[in-house]
Amino acid sequence: MASKPKQLLTELSHPGPHEVLRGNLALVGLPGVVFTPRQGLGLPAIAFGHGWMQPATRYRQLLHHLASWGVVAAAPATQLGPLPSHRLLAGDLLTTLDVITTVRLGPDGISVDPGKLGLAGHSTGGGSAVLAAAQSAGAGDDARPKVRAVATVAAAQTFPPATEAAKVISAPGLHLAVDGDLVAPAVGHADAIAQSWAGPVQLRTLAKSSHLAVTEGRHWSQLLLQGKPQRATQQLTKALFTAFFLTHLTGTEKYLPLLDADVKRAPIDVPEDEEPAA
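In structure tokens:
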């Protein structure tokens with residue numbers, strides 16, 4: 378019997394069945410962090426882009442959560458200054474996917490399937506993930522990793538514009554906008570990106586949230602940017618990202634009822650109109 382959306386949301390809000398290992402991407406030539414299940418071959422994986430001035434470690438629990446559900450999750454710690462290059466961060470996200478695909482991870486030789494790769498990000502890191510997905514879409518057969526799914530939270534416009542990049546992305550997209558976001562209002566950022574998306578796309582608006590709600594811990598940038606960490610937003614993001622990536626990277630249909638339904642504090646604004654890609 379199929380589970381109801383509320384049951385699936387509750388299930389995915391809790392850690393998954395896998396024990397999680399944390400690693401340092403610097404050991405393979407790129408600063409950043411990576412979280413993996415303790416064991417597994419041919420795993421799905423995502424690279425995550427941090428927000429403006431946000432250390433990659435501010436997303437530790439989100440990355441750990443994805444790994445507990447069997448998704449290798451890595452975040453490069455580059456372009457951390459006040460004037461970052463969104464194009465270079467996009468390139469680093471694709472390099473991260475290259476690295477975790479070609480290098481055996483963990484003591485038991487964990488491996489990633491190059492056909493099960495996704496991108497995610499917060500704020501300008503979300504916009505950079507869109508730029509990276511567009512680069513992937515235009516890559517040759519032997520060039521960049523092929524991205525199969527993209528998810529963002531409080532996505533912000535980039536230079537070059539993420540809205541233009543979205544026009545060439547056929548992979549499924551999930552964009553979580555923030556109601557009342559003062560840094561990246563949905564109308565010119567997440568909403569505009571979703572409206573430009575070439576493939577199947579879904580936009581949800583997180584109620585009673587803020588631009589920094591998905592981040593963890595304290596950081597001096599909270600003096601400059603709206604909001605602070607909020608557990609409710611973090612839990613919703615964990616559950617929806619996990620459902621989205623498990624569906625589109627592994628082909629499971631178990632979590633489709635959750636992705637197709639409105640949930641409390643995260644209603645669908647732009648529903649997907651195509652079946653998920655396996």
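This note's numbering puts the first residue of the sequence shown at 378, with every later residue one more than the last. Backbone N, C-alpha and C fix where the C-beta goes; we use that ideal spot for every residue, glycine too.
{"Check": "Identify the residues that DSSP records as bridge partners of residue 409: which are they?", "Outcome": "453"}
{"Check": "Between the Cα of residue 461 and the Cα atoms of 640, 529, 432, which residue gives the shortest distance?", "Outcome": "432"}
{"Check": "Provide the residue span of the alpha helix (DSSP H) that contains residue 580, from first to last.", "Outcome": "That residue, residue 580, is in no alpha helix (DSSP H); its beta strand (DSSP E) goes 578-583."}
{"Check": "Here's a check: name, in chain order, each residue in its chain whose Cβ is nearer than 7 Å to the Cβ of residue 459, leaving out the five neighbours to either side.", "Outcome": "430"}
{"Check": "Taking contact to mean at least 3 C-beta pairs separated by less than 8 Å, is the region 500-515 in contact with the region 468-475?", "Outcome": "yes"}
{"Check": "Who are the Cβ neighbours of residue 634 in its own chain at under 7 Å, not counting the five residues just before and after it?", "Outcome": "379, 380, 381, 382, 385"}
{"Check": "May I have the straight-line CA-CA distance separating residue 464 from residue 503, to the nearest angstrom?", "Outcome": "12 Å"}
{"Check": "Taking the alpha-carbon positions, what's the residue 398 to residue 441 distance?", "Outcome": "8 Å"}
{"Check": "Secondary structure at residue 482, three-state DSSP: helix, strand or coil?", "Outcome": "strand"}
{"Check": "Under the three-state reduction of DSSP, which class applies to residue 425: helix, strand or coil?", "Outcome": "strand"}
{"Check": "Find the nearest neighbour of residue 436 within the set 529, 567, 543, 558, judged by alpha-carbon distance.", "Outcome": "529"}
{"Check": "Return the chain-ordered ranges of every alpha helix (DSSP H) run that is complete within the region 537-595 and spans a minimum of 4 residues.", "Outcome": "539-542, 567-573"}
{"Check": "For residue 418, which residues of its own chain have a beta-carbon under 8 Å away from its beta-carbon, when the five flanking residues on both sides are left out?", "Outcome": "486, 487, 488"}
{"Check": "Quick check: the region 547-561 against the region 575-592, are at least 3 beta-carbon pairs closer than 8 Å?", "Outcome": "yes"}
{"Check": "Is the beta carbon of residue 534 closer than 8 Å to that of residue 565?", "Outcome": "yes"}
{"Check": "When the Cα of residue 627 is compared with those of 447, 586, 498, which residue comes out closest?", "Outcome": "447"}
{"Check": "Can you find the residues in the same chain that come closer than 7 Å, C-beta to C-beta, to residue 616, ignoring five residues on each side of it along the sequence?", "Outcome": "386, 389, 390"}
{"Check": "Residues in its own chain within less than 6 Å of residue 651 by CB, not counting five upstream and five downstream?", "Outcome": "Because the pLDDT at residue 651 is just 45, under 50, the model does not fix this residue reliably, and the value given afterwards should be weighed accordingly. 577."}
{"Check": "Could you say which of 532, 414, 613 lies nearest to residue 425 if we only look at CA atoms?", "Outcome": "532"}
{"Check": "Check each candidate in 638, 427, 614 and name the one with the smallest Cα separation from residue 452.", "Outcome": "427"}
{"Check": "Is residue 555 near residue 586, with beta carbons less than 8 Å apart?", "Outcome": "yes"}
{"Check": "Can you tell me whether residue 479 is buried or exposed? The criterion is at least 16 other CB atoms within 10 Å of its CB, across all chains shown.", "Outcome": "exposed"}
{"Check": "How would you label residue 568, buried or exposed, when you count the other beta carbons within 10 angstroms and need 16 or more for buried?", "Outcome": "buried"}
{"Check": "Would you tell me roughly how many angstroms separate the C-alpha atoms of residue 620 and residue 636, rounded to the nearest one?", "Outcome": "7 Å"}
{"Check": "Run the CB neighbour count on residue 594, radius 10 Å, all protein chains shown included, and call it buried at 16 or more, exposed below.", "Outcome": "exposed"}
{"Check": "Taking residue 503 as part of the alpha helix (DSSP H), name the residues at either end of that continuous run.", "Outcome": "501-514"}
{"Check": "Hey, could you find the ends of the alpha helix (DSSP H) residue 614 is sitting in?", "Outcome": "608-627"}
{"Check": "Below 6 Å CB to CB, which residues in the same chain sit around residue 581 once its five sequence neighbours on both sides are set aside?", "Outcome": "553, 643, 645"}
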